[in-house]
Structure formats: C-alpha cells, structure tokens
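J.: When we follow numbering that gives the first Met the number 0, the leftmost residue of the sequence shown carries the number 0, and every step to the right adds one.
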Amino acid sequence: MKTFKTLLSEEKSTSEDIKILADLKDKIKTLPDKAFNTKHKWHLRFSVGNDVAKYFKQYGYTVSDADISLSGMYATYIIKSNLGTAHFVNQTRSNSSIKTKELAPDKFDVTGSELTAKAIIDAVKSKVPTLKYSDGIKNLLIDLIEKSNTKGNKILVNAEDISAAELATISADFGELCCAVWAIKNIGFKRAFFPEAINEPLVDFYGVLGSLKYPISVKSGGGSATSIKNISDLIKEKLEDEIFIKNFSANERTILDMIVDMNEMPVMDGFIHAHVLHNTPAIKELSKVSGISSKNISPKTLQSWLSGKQSKELKPLLTKFYELLGNNVDDKTWKRYDQKTLTKSIGVLIGPMGHSIVKLLNSKESSKILTKVARQITLLQMNVDIKSKTLQFKREKFKNYNFEFKWQGGAPNPNRNKLGFKAVVK
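(1) Within 10 angstroms of its Cβ, does residue 279 collect 16 or more other Cβ (buried), or is it exposed?
(2) Would residue 188 and residue 202 qualify as a contact pair, given that the criterion is a beta-carbon distance under 8 Å?
(3) List the DSSP bridge partners of residue 191.
(4) Answer with buried or exposed for residue 258, where buried requires no fewer than 16 other C-beta atoms within 10 angstroms of its C-beta.
(5) For residue 34, I'd like the list of residues in its chain whose CB is within less than 8 Å of its CB, leaving aside the five on either flank, ordered along the chain.
(6) Are the region 401-416 and the region 343-355 touching, with three or more C-beta to C-beta distances below 8 Å?
(7) Indicate whether residue 80 and residue 60 have their beta-carbon atoms separated by less than 8 Å.
(8) Taking only runs of the alpha helix (DSSP H) that begin and end inside the region 9-36, which ones reach a length of at least 4 residues, in chain order?
(9) For residue 419, count the other beta carbons within 10 Å of its own beta carbon; 16 or more makes it buried, fewer makes it exposed. Which is it?
(10) Identify the continuous alpha helix (DSSP H) that holds residue 270 and give its terminal residues.
(11) If I measure Cβ to Cβ from residue 18 and keep anything under 8 Å in the same chain, skipping five residues before and after, which residues do I get?
(12) If we ignore side chains and look at the alpha-carbon of each, how far apart do residue 239 and residue 168 end up?
(13) If you measure between the beta carbons of residue 357 and residue 404, is that distance less than 8 Å?
(14) Going by the beta-carbon positions, is the gap between residue 325 and residue 270 smaller than 8 Å?
(15) Which of the three DSSP states, helix, strand or coil, is assigned to residue 346?
(16) Alpha helix (DSSP H) containing residue 288: first to last residue?
(17) Do the CB positions of residue 108 and residue 122 come within less than 8 Å of each other?
(18) Kindly indicate the opening and closing residues of the alpha helix (DSSP H) around residue 243.
(19) Among 275, 153, 97 and 302, which has the Cα closest to the Cα of residue 161?
(20) From the DSSP output, read off the bridge partner residues of residue 168.
(21) Please name the residue in 274, 137 and 50 whose C-alpha comes closest to that of residue 125.
(22) Look up residue 62 in the DSSP assignment and give the residues it is bridged to.
(23) Looking at the strands, I want to know which residues DSSP matches up with residue 354.
(24) What are the boundary residues of the alpha helix (DSSP H) that includes residue 216?
(25) DSSP on residue 391, reduced to helix/strand/coil?
(26) Strictly by DSSP, which residues pair up with residue 85?
(27) Taking the beta strand (DSSP E) that residue 320 falls in, what are its first and last residues?
(28) What is the DSSP secondary structure of residue 415, reduced to helix, strand or coil?
(29) Count the other CB atoms within 10 Å of the CB of residue 298; is the residue buried (16 or more) or exposed (fewer)?
(30) Alpha carbon to alpha carbon, how far is residue 365 from residue 300? Give it in angstroms, no decimals.
(31) Can you find at least 3 beta carbon pairs, one from the region 62-75 and one from the region 105-119, that sit closer than 8 Å?
(32) Could you tell me if residue 236 is buried or exposed, where buried requires 16 or more neighbouring beta carbons within 10 angstroms of its beta carbon?
(33) Going by CA-CA distance only, name the one from 335, 290, 272 and 338 that's closest to residue 317.
(34) By a C-beta neighbour count over all protein chains shown, 10 Å radius and 16 as the cutoff for buried, is residue 370 buried or exposed?
(35) From what residue to what residue does the alpha helix (DSSP H) around residue 155 run?
(36) What separation, rounded to the nearest whole angstrom, lies between the Cα atoms of residue 16 and residue 85?
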C-alpha cells in the first residue's frame with residue numbers, strides 16, 4: 000500500500016503536552032532531543048521497547064490505546080499522569096505474527112481481473128483458512144472483509160485480542176481489499192481492478208464503472224512518505240504526452256524534468272544537479288570557494304577538495320555558502336567530520352544542499368506543479384484505519400490535497416533515502 004501521510008491539521012502542542020514533555024525530559028536522561036512530532040497531530044514519539052505500560056509506569060504514567068492512529072507502522076497510545084494526557088507513538092518494531100505484504104491483494108489471487116465485491120470476498124474467504132495465523136486473526140480477516148460490504152464510514156469489529164503491531168499490518172495491507180469492497184458498496188463502482196504490478200505508482204486499485212477505471216490510492220492511518228519514484232515515473236511518461244505538456248509552462252516543465260532527473264541519479268548527484276540546473280546562489284558560492292566550476296561539481300570533485308581539510312579551515316570558507324542555503328552543520332557533525340567517523344564526509348556539503356532543495360520544491364510555485372500533476376493522474380485517495388473496535392473509512396479527492404516533499408537524509412547520511420513526498424489536506 001502506498002501510504003500518503005495526510006496532515007489532518009497543523010496542530011500545536013497544548014499546555015498539557017508541554018508539561019508532560021518537560022517532565023519526561025527531566026526524568027529520562029536518554030530521551031531524544033526531539034521526542035515529539037508536530038505533523039498529523041502533536042504527539043510524543045520515541046522508542047520504549049515492547050512493554051509500553053511497564054516503561055511509563057516507572058515515571059508515573061498510565062497507558063491506554065488511542066482512538067486514532069498517528070503512524071502506519073507503529074502503535075499509538077495515550078499516556079496519562081497528574082499533569083494531563085498526551086498522545087504517544089512507540090517507535091519500536093513490535094513482534095508480529097503477520098509479516099509486511101503477507102496480506103496484500105496479490106496474495107489472495109485477485110490481481111489482473113475486474114472483480115465484484117462478492118468475488119473479492121469469496122477469494123478472501125477461500126484463502127484465509129490456509130493462512131498460518133491464529134484463529135483470532137483468521138476470524139478478524141473474514142469479519143473485516145464481510146463488514147466492508149456495508150454502508151457507512153465506521154463499522155464495528157472485534158479485534159480485542161490482536162496486537163497493535165498486527166492491527167497496523169492488517170490495516171496497511173489487507174486494508175486495500177477492504178477499501179475495494181467498501182468502495183463498490185459506498186461509492187457506486189460496479190467492480191474493482193487490482194493491478195498485477197504491486198508497486199504501480201500511486202495506484203492501489205481501480206474502481207470500475209462501465210468502461211471507465213478510476214484510479215484510487217489507499218493509505219492506512221498515518222504513514223511514511225511515498226517515494227518520489229512513484230510520481231517521477233508517471234511524470235516521465237506524461238512528459239511524452241503532448242496534451243499533458245500543454246498544461247505546463249516552460250518553467251514548470253523545468254521543475255518536472257528536475258524531479259525525473261533526481262529520481263534517476265544517485266541521491267548526492269541529484270542534489271548537486273538540482274542546484275546547478277537552477278544556478279542557485281549557493282552553488283555559485285561553493286564554486287567560488289572550492290575553485291571548481293559549477294559544471295564540474297560532483298561528489299568526487301567535492302570529496303577531493305575536502306581531503307585534508309579540518310573543520311577549523313572549512314567553517315570560515317563555508318559561512319556564506321551555508322547562509323545562502325539557509326541550512327548549517329551542527330557541532331556534533333563537525334566533530335565527527337574531524338574524527339573521520341562520518342559515513343560520507345562530503346555530507347557537510349551535500350546535507351545542507353539537499354535540505355535547501357526540499358525547501359525549493361516545497362515553495363508555493365513548485366508545490367502547485369506537483370499538485371497539478373497528481374490531480375491529473377489520480378482521482379481519489381482513501382484511508383482505512385482498523386482500530387480494536389472499529390473499521391473506519393475516509394475518502395478524499397485529490398483536488399483537496401497539496402503535496403510536500405521531504406528528505407530523511409542529512410549531513411551524517413547524505414547518500415541515503417531518496418526524496419519522498421506526502422499529501423497534505425488544504
């Protein structure tokens with residue numbers, strides 16, 4: 000399942016949140032510097048192991064399951080003390096009897112054909128008895144697929160004995176099948192079509208009505224960013240469509256070309272290419288201080304320039320470069336640079352360059368371009384969230400979304416994690 004991380008609100012912390020965060024920072028010396036997340040909904044987020052209740056009990060907190068999901072991978076809880084309550088996401092990979100993608104549509108032999116809701120339900124009910132899961136999980140899968148074939152956005156289910164990790168996996172993978180059945184019943188499609196290519200860009204299944212197929216993307220609760228590859232592949236294909244191209248100005252097409260190029264290049268080369276393509280003030284400054292012409296700047300030439308230089312020599316040289324980027328390198332990273340313990344020492348250059356490109360792509364102009372592309376490609380996004388007592392569906396047309404880029408890399412790991420993007424409700 001492609002998991003667009005939908006920003007329901009740019010919610011700020013409450014007074015209770017701040018008090019609880021301060022209390023935990025005072026009590027837990029190993030707490031991460033940023034132990035919270037403001038996207039989706041303000042919440043605490045860090046790893047505490049598999050026994051969440053036991054962990055927080057030692058600090059004077061009780062724990063209960065939350066009624067919302069703030070992550071497609073990790074469980075969401077409510078922690079409570081005399082200071083108040085706060086949402087918490089445990090970034091610990093819990094043991095689960097269900098592996099990722101074991102419950103994806105292709106495992107139920109429903110791909111490649113247009114199927115009615117009954118046909119999908121029958122395929123699931125035929126396959127479930129052969130799965131090596133507990134009877135509780137098997138019964139839940141049957142219950143979910145059958146109840147998806149009813150009217151309404153919220154359906155009662157019984158999953159009390161299923162772990163949070165198992166529910167998250169069921170929601171992420173099996174949720175696609177549930178969504179297809181629900182869409183036929185509630186939106187009016189006659190059949191659903193699951194592509195045989197599991198990773199078809201953006202599309203999880205098509206709602207079929209007459210001769211038309213409506214592309215639908217499914218997400219589960221919260222989730223990670225969709226890889227830029229998913230949309231760049233489609234952009235590349237669409238750039239060959241003259242009708243599609245007419246919708247974009249020359250400047251917009253330059254942005255689209257850059258997205259495609261960055262997808263096809265190694266991460267570090269892609270960021271350099273983007274700066275050179277836009278002839279940014281930062282790349283001009285880097286060319287000036289390094290003595291390397293813009294057209295010859297590459298990871299190899301920059302690494303050669305850095306060779307033998309310590310931070311005390313580089314920092315003064317790069318002051319203006321960092322100012323132009325609007326990003327800097329922290330003292331901890333510079334210390335690792337001097338100690339030669341960075342994965343890639345070139346990260347002191349590429350990391351800030353990468354984050355500045357993310358800012359460029361998230362500018363008003365660039366964001367509109369990506370939104371414009373996605374709206375012409377995908378019609379509908381659906382959300383399925385399987386909690387312990389309810390199966391909830393939500394649908395949003397892509398016209399109600401804007402798109403934002405994000406990059407999980409940085410100075411310590413500039414060669415990892417390609418750009419991703421997420422959908423943001425306007």
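Just so you know, even glycine gets a beta-carbon here, dropped at the ideal spot from N, CA and C.
As the structure is a prediction and not an experimental result, all values here were calculated from the model.
T.: So, from the listed chains and residues:
(1) Numbered from 1 along the sequence shown, position 280 holds the residue referred to as residue 279. Residue 279 comes out buried.
(2) Taking the sequence shown and counting its residues from 1, one reaches residue 188 at position 189. Taking the sequence shown and counting its residues from 1, one reaches residue 202 at position 203. Judged by beta-carbon spacing, residue 202 lies beyond the 8 Å limit of residue 188, meaning their Cβ atoms are not closer than that value.
(3) Taking the sequence shown and counting its residues from 1, the one referred to as residue 191 is at position 192. Paired residues: 114 and 206.
(4) As a position in the sequence shown, residue 258 is number 259, starting the count at 1. Buried: at least 16 other Cβ atoms inside 10 Å.
(5) The count along the sequence shown starts at 1 and reaches residue 34 at position 35. 20, 23, 24, 43, 44 and 45.
(6) yes
(7) Within the sequence shown, the letter at position 81 stands for residue 80. Within the sequence shown, the letter at position 61 stands for residue 60. The answer is yes: Cβ separation under 8 Å.
(8) 14-26
(9) Numbered from 1 along the sequence shown, position 420 holds the residue referred to as residue 419. With 16 or more Cβ atoms within 10 Å of its Cβ, residue 419 is classed as buried.
(10) Start at 1 with the first residue of the sequence shown, and residue 270 comes out as number 271. Unbroken alpha helix (DSSP H) run through residue 270: 266-277.
(11) By one-based count along the sequence shown, residue 18 stands at place 19. Closer than 8 Å at Cβ, skipping near neighbours: 82 and 83.
(12) In the sequence shown, residue 239 corresponds to position 240, counting from 1. In the sequence shown, residue 168 corresponds to position 169, counting from 1. Computed Cα separation, rounded: 38 Å.
(13) Within the sequence shown, numbered from 1, the residue matching residue 357 stands at position 358. Within the sequence shown, numbered from 1, the residue matching residue 404 stands at position 405. Contact: yes.
(14) In the sequence shown, the residue the question calls residue 325 occupies position 326. In the sequence shown, the residue the question calls residue 270 occupies position 271. Cβ distance not < 8 Å, so residue 325 and residue 270 don't count as in contact.
(15) Indexing the sequence shown from 1 puts residue 346 at position 347. Residue state, collapsed to three classes: helix.
(16) Position 289 of the sequence shown, counted from the start, is the residue given in the question as residue 288. In the DSSP assignment, residue 288 falls within the unbroken alpha helix (DSSP H) covering 280-289.
(17) Indexing the sequence shown from 1 puts residue 108 at position 109. Indexing the sequence shown from 1 puts residue 122 at position 123. Yes.
(18) The residue you call residue 243 lines up with position 244 of the sequence shown. 241-244 is the extent of the alpha helix (DSSP H) around residue 243.
(19) Translated into the one-based positions of the sequence shown, residue 161 becomes position 162. Of all alpha-carbon atoms in 275, 153, 97 and 302, the one lying nearest the alpha-carbon of residue 161 is that of 97.
(20) Here residue 168 refers to the residue found at position 169 when the sequence shown is read from its first residue. Answer is none; residue 168 lacks a bridge partner.
(21) Translated into the one-based positions of the sequence shown, residue 125 becomes position 126. Nearest C-alpha to residue 125: 137.
(22) Stepping through the sequence shown from its first residue, residue 62 is reached at position 63. Paired residue(s): 78.
(23) Taking the sequence shown and counting its residues from 1, one reaches residue 354 at position 355. The partner list for residue 354 (beta bridge, DSSP) is empty, contrary to what the question assumes.
(24) The sequence position of residue 216 within the sequence shown is 217, counting from 1. Taken as a continuous stretch (DSSP letters only), residue 216 belongs to no alpha helix (DSSP H), being part of the beta strand (DSSP E) at 211-219.
(25) For the purposes of this step, residue 391 is identified with residue 392 of the sequence shown, where counting begins at 1. The answer is strand: DSSP assigns residue 391 an E or B state.
(26) Within the sequence shown, the letter at position 86 stands for residue 85. Assignment of beta-bridge partners to residue 85 by DSSP yields 78.
(27) Counted from its first residue, the sequence shown places residue 320 at position 321. Unbroken run through residue 320 is the alpha helix (DSSP H), 310-324; no beta strand (DSSP E).
(28) For the purposes of this step, residue 415 is taken as the residue at position 416 of the sequence shown. The answer is coil: DSSP assigns residue 415 none of H, G, I, E or B.
(29) Counting from 1 along the sequence shown, the entry for residue 298 is found at position 299. Result: buried.
(30) On the sequence shown, residue 300 is found 301 positions in, with the first residue counted as 1. On the sequence shown, residue 365 is found 366 positions in, with the first residue counted as 1. Each residue's Cα considered, the two are about 30 Å apart.
(31) no
(32) On the sequence shown, position 237 is the one that residue 236 refers to. Label assigned to residue 236: exposed.
(33) Residue numbering aside, residue 317 sits at position 318 when the sequence shown is read from its first letter. The shortest C-alpha separation from residue 317 is found at 290.
(34) Taking the first residue of the sequence shown as position 1, residue 370 is located at position 371. A residue is called buried when at least 16 other Cβ atoms come within 10 angstroms of its Cβ; residue 370 meets this threshold and is buried.
(35) Indexing the sequence shown from 1 puts residue 155 at position 156. Unbroken run through residue 155 is the beta strand (DSSP E), 153-155; no alpha helix (DSSP H).
(36) By one-based count along the sequence shown, residue 16 stands at place 17. By one-based count along the sequence shown, residue 85 stands at place 86. Cα to Cα, the separation comes out at about 6 Å.
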